[in-house]
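Input: a single structure, listed below in structure tokens.
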Amino acid sequence: MRVELVRRASPPALARALAPIAALAVALGLGAIFIWLLGRSPAAAFDVYIRSQLTDGWALTELAVKATPLVLIAIGLSFCFRASLWNIGAEGQLIVGAVVASWLALSGLGSSPWLLPAILVLGAIGGAAYALIPAILRVRFGVSEILTSLMLVYVAELLLDYLVRGPWRDPRGFNFPQTRLFTDAAMLPTFGDGGRLHLGVFLALVAVAVAWLVMSRTLFGYRLRVTGDAPRAARFAGFRPTATTLTVFAISGAMAGLAGIVEVTGQIHQLKPSISPGYGFTAIIVAFLGRLHPVGILAAGLVLALTFIGGEAAQIALKLPFDVTRAFQGLLLFCVLAADALVTYRVRVVSTAGKLA
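Take 107 as the starting number for the sequence shown in the numbering used here and just add one per residue.
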């Protein structure tokens, strides 16, 4: 007996639209079983992870703040994924963007009104330049962009660790691995009484709107769809794969770098060894859960942000390690990919009885 996947001639549109919702429901069910096996109440976990976070004003603000880097990175990744290119190193591009822009923030240029815009632009440039490394290796030497982009994450983490423990360490920081605090001119403006909601939230909304326009109303967006769905047709149409690869990796890296410096200037206000709890990797789940559509990515970013703040609350209320949250995020990605596969393909069982191996 052999199990085969046979491509459907025309996958149902409704099934494709409902696949992420079904994947989320299955992931929640499996997560509840896992929490029960750990000796905790699934009902209590639901209350801590979801209900209490959606009924508290402070938690809703945190939800928007946590979703900001996820949405920014996932928007960039969607450009790559639509073209069937796989940038797995957004975490490293986030770090490099933050490092490059922090150099300007720590340069002591004073309170120039152009300082903050220049910092944001420099963060995007740093992320784009770092993302172009695996892109160039792919188009020039045929090296897998999956491996190179992933391996470069560790290079970026080591670079950040070296800087905050060495040349950029705050001399008044009691020997902690961190830089000195940024000046007020190098911080994103905040809103509200608590000062947690910052300008980066609105930058993420702008990115969603711009990405929707580009994807649905421009020749470039059409080129990405054709390149991903029918590479041969794209070549016949004159779309150059080399230019497409370099462009989408640059866009993806720029959004990741922007997310990195938004996170630093909006919340942390200095460089530390851990400026991201894994936003670059979680954004991959956000992109696929949102069906690579900007509006879907916005909704998926809020869902994954909920797992972050819910996981932090569960550490206190239920004594659950934060690794449970990471495991759930990975489970969610698996369910999303499985749902997409079952929509695109149908399962066929082939009998091999009586056949020689």
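Note that the Cβ used here is the ideal one computed from N, Cα and C, for glycine as well.
Checklist entry - Quick one: what does DSSP say leucine 111 is sitting in, helix, strand or coil? => result What you label residue 111 is simply residue 5 of the sequence shown in a count that begins at 1. Reduced to three states, the DSSP call for leucine 111 is strand.
Checklist entry - With distances taken from CA atoms, which of Leu398, Asp162, Leu424 and Phe434 is nearest threonine 413? => result Position 307 of the sequence shown, counted from the start, is the residue given in the question as residue 413. Measuring from the Cα of threonine 413, the nearest candidate turns out to be Phe434.
Checklist entry - Taking the alpha-carbon positions, what's the tryptophan 142 to alanine 173 distance? => result Stepping through the sequence shown from its first residue, residue 142 is reached at position 36. Stepping through the sequence shown from its first residue, residue 173 is reached at position 67. Near 28 Å, if we compare the C-alpha coordinates of alanine 173 and tryptophan 142.
Next on the checklist: I'd like the span of the alpha helix (DSSP H) that includes tyrosine 236, first residue to last.
Outcome noted: Locating residue 236 in the sequence shown gives position 130, counting from the first residue. 221–247 is the extent of the alpha helix (DSSP H) around tyrosine 236.
Item to check | Residues that DSSP places opposite valine 453 in a beta bridge | outcome: The residue labelled residue 453 in the question sits at position 347 within the sequence shown. Paired residues: Leu111.
Item to check | Distance, leucine 319 Cα to glycine 232 Cα | outcome: Stepping through the sequence shown from its first residue, residue 232 is reached at position 126. Stepping through the sequence shown from its first residue, residue 319 is reached at position 213. Each residue's alpha carbon lies about 25 Å from the other.
Checklist entry - Rounded C-beta distance between proline 126 and arginine 397? I'm assuming under 8 Å. => result The residue labelled residue 126 in the question sits at position 20 within the sequence shown. The residue labelled residue 397 in the question sits at position 291 within the sequence shown. Confirmed, about 6 Å.
Item to check | At least three beta-carbon pairs within less than 8 Å, the stretch 143–150 to the stretch 267–281 | outcome: no
Item to check | Reference alanine 343; option with closest CA among Thr353, Ala211, Phe326 and Gly359 | outcome: As a position in the sequence shown, residue 343 is number 237, starting the count at 1. Selected option, being the one with the closest Cα: Phe326.
Item to check | Through-space distance from glutamate 110 to arginine 454, alpha-carbon basis | outcome: Here the question's residue 454 lines up with position 348 in the sequence shown. Here the question's residue 110 lines up with position 4 in the sequence shown. So the alpha carbons of these two residues sit roughly 5 Å apart.
Next on the checklist: So, under 8 Å CB-CB, glutamate 369 and proline 175 are touching, yes? Tell me the CB distance rounded to an integer number of Å.
Outcome noted: In the sequence shown, residue 369 corresponds to position 263, counting from 1. In the sequence shown, residue 175 corresponds to position 69, counting from 1. Correct: roughly 5 Å between the Cβ atoms.
Item to check | 8 Å Cβ cutoff met for threonine 371 and alanine 292 | outcome: Here residue 371 refers to the residue found at position 265 when the sequence shown is read from its first residue. Here residue 292 refers to the residue found at position 186 when the sequence shown is read from its first residue. Going by C-beta atoms, threonine 371 is nearer than 8 Å to alanine 292.
Next on the checklist: Using a Cβ distance threshold of 8 Å, determine whether the stretch 441–449 contacts the stretch 119–133, with at least three qualifying pairs required.
Outcome noted: yes
Next on the checklist: With a threshold of 6 Å on Cβ separation, who are the neighbours of proline 118 within its own chain once the five nearest residues in sequence on each side are excluded?
Outcome noted: Against the sequence shown, residue 118 aligns to sequence position 12. Nothing listed; no residue qualifies.
Checklist entry - Assuming serine 457 and glutamate 197 make a contact with CB atoms under 8 Å, what is their CB distance in whole Å? => result Here residue 457 corresponds to residue number 351 of the sequence shown, with the count starting at 1. Here residue 197 corresponds to residue number 91 of the sequence shown, with the count starting at 1. That pair is no contact at about 46 Å.
Checklist entry - Okay, do the stretch 328–341 and the stretch 198–215 touch, 3+ Cβ pairs below 8 Å being the bar? => result no
Item to check | Opening and closing residue of the alpha helix (DSSP H) in which isoleucine 357 lies | outcome: In the sequence shown, the residue the question calls residue 357 occupies position 251. Looking at the DSSP string, the run of the alpha helix (DSSP H) that includes isoleucine 357 is 347–369.
Next on the checklist: Rounding to the nearest angstrom, what Cα-Cα distance links histidine 399 and threonine 353 in this structure?
Outcome noted: Taking the sequence shown and counting its residues from 1, the one referred to as residue 399 is at position 293. Taking the sequence shown and counting its residues from 1, the one referred to as residue 353 is at position 247. When rounded, the distance between both Cα atoms is 19 Å.
Checklist entry - What first and last residue would you give for the alpha helix (DSSP H) that runs through methionine 464? => result Nothing about residue 464 can be read from this structure; the chain reaches only from 107 to 463.
Item to check | Nonlocal neighbours in the same chain, by C-beta distance under 8 Å from methionine 107, ignoring five residues either side | outcome: For the purposes of this step, residue 107 is identified with residue 1 of the sequence shown, where counting begins at 1. These residues qualify, in order along the chain: Val455, Val456, Ser457, Thr458 and Ala459.
Checklist entry - When you compare only the Cα positions, how much space is there between leucine 462 and glycine 248? => result Counted from its first residue, the sequence shown places residue 462 at position 356. Counted from its first residue, the sequence shown places residue 248 at position 142. Unreliable placement is indicated for leucine 462, whose pLDDT of 45 sits below 50; no coordinate value is reported for it.
Next on the checklist: If you reduce the DSSP assignment to three classes, tell me which class threonine 458 lands in.
Outcome noted: On the sequence shown, residue 458 is found 352 positions in, with the first residue counted as 1. Residue state, collapsed to three classes: coil.
Checklist entry - In three-state DSSP terms, what is phenylalanine 187? => result Within the sequence shown, residue 187 is the residue found at index 81, counting from 1. The answer is helix: DSSP assigns phenylalanine 187 an H, G or I state.
Checklist entry - Excluding sequence positions up to five away, which residues of its chain have a Cβ less than 7 Å from the Cβ of arginine 452? => result As a first step, residue 452 is located in the sequence shown; it is residue number 346 there, counting from the start. So the qualifying residues of the chain are Val112 and Arg114.
Next on the checklist: Measuring CB atoms only, is the stretch 384–394 touching the stretch 305–324, in the sense that at least three cross pairs come out at less than 8 Å?
Outcome noted: Too few Cβ pairs lie closer than 8 Å, so no.
Next on the checklist: Using a Cβ-Cβ cutoff of less than 6 Å, which residues in the same chain neighbour alanine 406 once the five nearest sequence positions on both sides are dropped?
Outcome noted: Reading the sequence shown from its first residue, position 300 is the one you call residue 406. Here the set comprises Val392, Leu395 and Gly396.
Checklist entry - With 16 as the cutoff for other CB atoms within 10 Å, does tryptophan 274 come out buried or exposed? => result The sequence position of residue 274 within the sequence shown is 168, counting from 1. Per the 10 Å Cβ criterion, buried.
Checklist entry - DSSP state of alanine 463, grouped into three classes? => result Mapped onto the sequence shown, residue 463 falls at position 357. For alanine 463, the predicted structure reports a pLDDT of 42, less than 50, and the residue's modelled location is therefore unreliable. The matter cannot be settled from this model.
Checklist entry - What do you get for threonine 388, buried or exposed, if any count of 16 or more other CB atoms within 10 angstroms of its CB means buried? => result As a working note, residue 388 is residue 282 in the sequence shown. Classification of threonine 388: buried, given that the 10 Å Cβ count is 16 or more.
Next on the checklist: Using only CA atoms, which one of Ala423, Glu418 and Leu309 lies nearest to aspartate 429?
Outcome noted: For the purposes of this step, residue 429 is taken as residue 323 along the sequence shown, with counting starting at 1. For the residues Ala423, Glu418 and Leu309, the minimum Cα distance to aspartate 429 belongs to Glu418.
Checklist entry - Are the stretch 329–338 and the stretch 248–266 in contact at 8 Å, needing three or more beta carbon pairs? => result no
Item to check | Which of helix, strand or coil DSSP assigns to phenylalanine 280 | outcome: Residue numbering aside, residue 280 sits at position 174 when the sequence shown is read from its first letter. Three-state DSSP puts phenylalanine 280 in coil, outside helix and strand.
Checklist entry - Since alanine 170 contacts leucine 303 with CB under 8 Å, what's their CB separation in whole angstroms? => result Reading the sequence shown from its first residue, position 64 is the one you call residue 170. Reading the sequence shown from its first residue, position 197 is the one you call residue 303. The pair is a contact, with the Cβ atoms about 6 Å apart (cut-off 8 Å).
Next on the checklist: When you compare the CB positions of leucine 182 and isoleucine 357, do they come within less than 8 Å of one another, or not?
Outcome noted: Against the sequence shown, residue 182 aligns to sequence position 76. Against the sequence shown, residue 357 aligns to sequence position 251. It should be noted that the sequence gives glycine, not leucine, for residue 182. Yes, the pair counts as a contact, with Cβ atoms nearer than the cut-off.
Checklist entry - Considering tyrosine 260, what are the terminal residues of the alpha helix (DSSP H) in which it resides? => result For the purposes of this step, residue 260 is taken as residue 154 along the sequence shown, with counting starting at 1. 251–271 is the extent of the alpha helix (DSSP H) around tyrosine 260.
Checklist entry - Any idea if leucine 120 is buried or exposed, counting beta-carbon neighbours within 10 angstroms, 16 or more meaning buried? => result The residue you call residue 120 lines up with position 14 of the sequence shown. Looking at its Cβ environment, which holds fewer than 16 other Cβ atoms inside 10 Å, leucine 120 is exposed.
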